[in-house]
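Here the structure is laid out as structure tokens; the discussion comes afterwards.
Residue numbers (this note's numbering): 17 to 292.
Put into structure tokens, the structure is as follows:
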């Protein structure tokens, strides 16, 4: 395990990002969440972000997505500032956010319609990506008729149809059962190899991070700092047999040990706060 990471003007560059939220229960009235985050994700690479619950991982994604402004620091993608500028990144949150009254084709077409694409063309592009994602037979189904895994694939299709080079994933499979989650991890690995977009993913699943990512970024407890960047040494394509490989199992154990070492003793743990 080693800290750091190469920079790239064509990738995602996060420099000195700090963020605090109002908290009237604290003496200074502020809850410090991010404490000077520095991270460089080269273009076309897949990075996973892990760390204790409540350490600010999702807050960082919100900042990169332009939904939340940092108190200090900058975020650049392809050399241009993107903090405070929504629309540069495709963002898939934990919930699929599918409306019950829309078909999945209409859902996937929505970002294109918002950008001004004509309805017929937006629906055509939506159907095309849904077919690529194995959902061609379900384009006119409503969310209630889909399994959890199919809904998550539709949500990811909606994110990727925008064509952005930067993709943010926040626990995309965290609410699925273990078998469906493993299947979709294999599917996403294939999508990444085909698309080669720049991906930053938050996950609490160390095995998922190892299976999908090129590097794993370890956050400290709140206020978060980057305490480690771990190179994942496994070649692509990655198959399900990798999970039983001795090197994979040993690295998973080492990462779990690293994360557990960051936690305070049980009696010293503060009450959880509603920040992500």
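Cβ atoms here follow ideal geometry from the backbone N, Cα and C, with glycine treated the same way.
Note that this is a predicted model, so its numbers are computed, not measured.
Leaving out the 5 sequence neighbours to the left and right, which residues in its chain are closer than 8 Å to residue i when beta-carbon positions are compared?
i           : result
residue 252 : 205, 209
residue 137 : 128
residue 288 : Its pLDDT being 42, under 50, residue 288 is placed unreliably in this model, and the coordinates cannot settle the point.
residue 258 : 227, 250, 264
residue 290 : Confidence at residue 290 is low in this model, with a pLDDT of 41, below 50, so the placement of that residue is unreliable and no value is reported for it.
Identify the continuous beta strand (DSSP E) that holds residue i and give its terminal residues.
i           : result
residue 232 : 231–235
residue 105 : 105–108
residue 182 : 182–186
By Cβ distance below 7 Å, which residues in the same chain neighbour residue i in space, the five residues on each side in sequence not counted?
i           : result
residue 116 : 158, 159, 160
residue 139 : 121, 125
residue 54  : 30, 31, 32, 242
residue 36  : 46, 47, 48, 49, 87
residue 143 : 121, 155
residue 34  : 50, 51, 52, 86, 87, 88, 89
residue 265 : none
residue 276 : none
residue 135 : 129
residue 254 : 205, 227
residue 199 : 165
Tell me whether the beta-carbon of residue i lies closer than 7 Å to the beta-carbon of residue j.
i           : j           : result
residue 64  : residue 196 : no
residue 91  : residue 75  : no
residue 215 : residue 62  : yes
residue 102 : residue 132 : no
residue 177 : residue 145 : yes
residue 110 : residue 190 : yes
residue 245 : residue 230 : no
residue 147 : residue 114 : no
Output the boundary residues of the alpha helix (DSSP H) element that contains residue i.
i           : result
residue 248 : Taken as a continuous stretch (DSSP letters only), residue 248 belongs to no alpha helix (DSSP H), as it is neither H nor E.
residue 133 : Premise fails: residue 133 is in no alpha helix (DSSP H) and is neither H nor E.
residue 314 : No statement about residue 314 is possible, as the shown extent of the chain runs from 17 to 292 and does not include it.
residue 167 : 164–176
residue 78  : 73–80
residue 319 : Here the chain comprises residues numbered 17 to 292, so residue 319 is not present and cannot be evaluated.
residue 295 : An answer regarding residue 295 cannot be provided, because it is not within the stretch 17 to 292 covered by the chain.
When DSSP builds the beta bridges, which residues end up paired with residue i?
i           : result
residue 62  : 215
residue 126 : Paired residues: none, contrary to the question.
residue 155 : BP columns for residue 155 are empty, so no partner.
residue 90  : 31
residue 55  : 30
residue 242 : 235
residue 46  : 38
When the Cα of residue i is compared with those of the options, which residue comes out closest?
i           : options            : result
residue 278 : 243, 268, 200      : 243
residue 234 : 77, 162, 73        : 73
residue 225 : 272, 37, 40, 211   : 272
residue 239 : 37, 46, 71         : 71
residue 152 : 66, 169, 41        : 169
residue 213 : 181, 167, 230, 191 : 181
residue 211 : 149, 190, 222      : 149
residue 201 : 98, 192, 228       : 228
residue 99  : 106, 246, 80, 39   : 80
residue 28  : 165, 275, 261, 104 : 104
residue 69  : 167, 237, 263, 40  : 237
residue 165 : 135, 203, 130, 134 : 203
residue 274 : 67, 217, 41, 135   : 67
residue 95  : 56, 40, 265        : 56
residue 179 : 199, 194, 192, 141 : 141
Grab me the residues of residue i's own chain with a C-beta within less than 6 Å of its C-beta, minus the 5 sequence neighbours each way, in chain order.
i           : result
residue 108 : 171, 172, 175, 185, 188
residue 24  : In this predicted model, residue 24 has a pLDDT of only 46, less than 50, meaning its place in the structure is not dependable enough to derive any value.
residue 222 : 268, 271, 272
residue 84  : 78
residue 162 : none
residue 280 : none
residue 217 : 64, 185
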